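Sequence positions in the sequence shown follow our numbering and run 27 to 224. Below is one structure; the comments refer to it alone.
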Amino acid sequence: AMSFISHQVLSNTLGLKGLVPEWNRFLPQASSAIKLPQANEKHKDKVVYYACCMTRMMGPSASDYEQRSAHEAVISVLNKAGYQVLLIDQMENSCCGCSFNIHGYPEKGTKKASDLYDLLSKTSEGFRLPILFDTSPCTEYFRHFLEAKSAESGGVSSIHKTAVFEPLEFVDLFVKNRVRWSTSKDPVTVHLPCSSKM
27 AMSFISHQVL
37 SNTLGLKGLV
47 PEWNRFLPQA
57 SSAIKLPQAN
67 EKHKDKVVYY
77 ACCMTRMMGP
87 SASDYEQRSA
97 HEAVISVLNK
107 AGYQVLLIDQ
117 MENSCCGCSF
127 NIHGYPEKGT
137 KKASDLYDLL
147 SKTSEGFRLP
157 ILFDTSPCTE
167 YFRHFLEAKS
177 AESGGVSSIH
187 KTAVFEPLEF
197 VDLFVKNRVR
207 WSTSKDPVTV
217 HLPCSSKM
């Protein structure tokens with residue numbers, strides 16, 4: 027709210043309209059820090075959760091009814107499904123490399139993906155635990171990296187092929203039969219990215 031008010035003051039009161047970047051109440055706020063709840067006896071299975079750059083940076087807008095950040099909602103659902111959530115070390119400095127690649131820095135993208143590979147391998151017990159990425163485009167990019175890495179070593183690893191999941195896929199395979207579902211009468215907007223359809 028303060029950001030929106032500040033923008034109005036700078037633009038209108040001080041006569042800087044057109045010189046200050048556009049701002050409105052629908053733009054996202056900063057995301058909250060990732061905090062894991064204490065694991066308990068209900069959390070019998072483990073999952074590695076990778077919160078991608080976008081969801082680590084951007085939270086809900088000030089006008090949103092739901093004020094939890096994406097990772098808070100994801101961790102809540104995973105806990106309700108009976109999972110102990112594991113996070114990689116150095117999460118705040120990590121990136122799958124997708125953003126670098128699409129902006130014309132493929133070498134940097136590959137380097138970031140390689141760094142993430144090492145961190146995920148350590149936390150997932152050599153890719154034996156399921157790994158949930160919370161954005162589909164990042165999942166797709168990292169899967170391509172895994173395929174290339176496997177090909178370099180003489181073949182596609184079956185562990186790599188079944189290790190990394192995008193949100194809809196993970197819910198379908200690992201969550202839907204472990205939680206109670208209730209029907210909502212409220213309207214819901216769904217954006218299905220191309221990478222979720224492939």
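Yeah, the Cβ is synthetic: ideal placement off N, Cα and C, and Gly gets one too. Please read all numbers here as calculations on a predicted model, not as lab measurements.
Identity of the residue in the options nearest residue i by Cα
i    : options                   : result
S176 : D71, P63, S140 and A77    : S140
C122 : D198, C164 and S210       : C164
H69  : C124, I101, H217 and Y91  : I101
N50  : H129, Q64, S89 and E67    : S89
S120 : K134, E178, F196 and I128 : K134
G152 : H217, A189 and K211       : A189
E192 : V205, T136, C220 and P132 : C220
E195 : A99, R206, L218 and S208  : L218
R206 : N66, V103, E98 and T149   : V103
Per DSSP, cross-strand counterpart(s) of residue i
i    : result
S221 : DSSP, once it has assigned bridges, lists no residue as partnering S221.
L158 : Y75 and F191
Residue j beta carbon less than 8 Å from that of residue i
i    : j    : result
V112 : K72  : Residue 112 is actually Leu in this sequence, not Val. Yes, these two residues count as a Cβ contact at 8 Å.
L145 : Q116 : yes
L62  : S87  : no
S125 : S222 : no
Y91  : N127 : no
Would the segment 72-84 count as touching the segment 147-167 if we require 3 or more Cβ pairs under 8 Å? Taking 8 Å as the limit for Cβ pairs, the verdict is that the segment 147-167 does touch the segment 72-84.
Taking 8 Å as the threshold, find out whether the segment 103-113 comes into contact with the segment 186-205 through three or more Cβ pairs. With a cut-off of 8 Å, the segment 186-205 and the segment 103-113 count as touching, because enough Cβ pairs lie within range.
How about the segment 55-65 and the segment 80-88: do they share at least three Cβ pairs that are nearer than 8 Å? The segment 55-65 vs the segment 80-88: in contact.
Cβ pair count under 8 Å reaching 3, the segment 132-150 against the segment 166-174: Counting Cβ pairs under 8 Å, three or more are found: they touch.
Extract the residue ranges of the alpha helix (DSSP H) inside the segment 48-129, only unbroken runs of 4 or more that lie entirely within it. With a minimum length of 4 residues, the continuous alpha helix (DSSP H) runs that stay inside the segment 48-129 are 79-83, 96-106 and 124-128.
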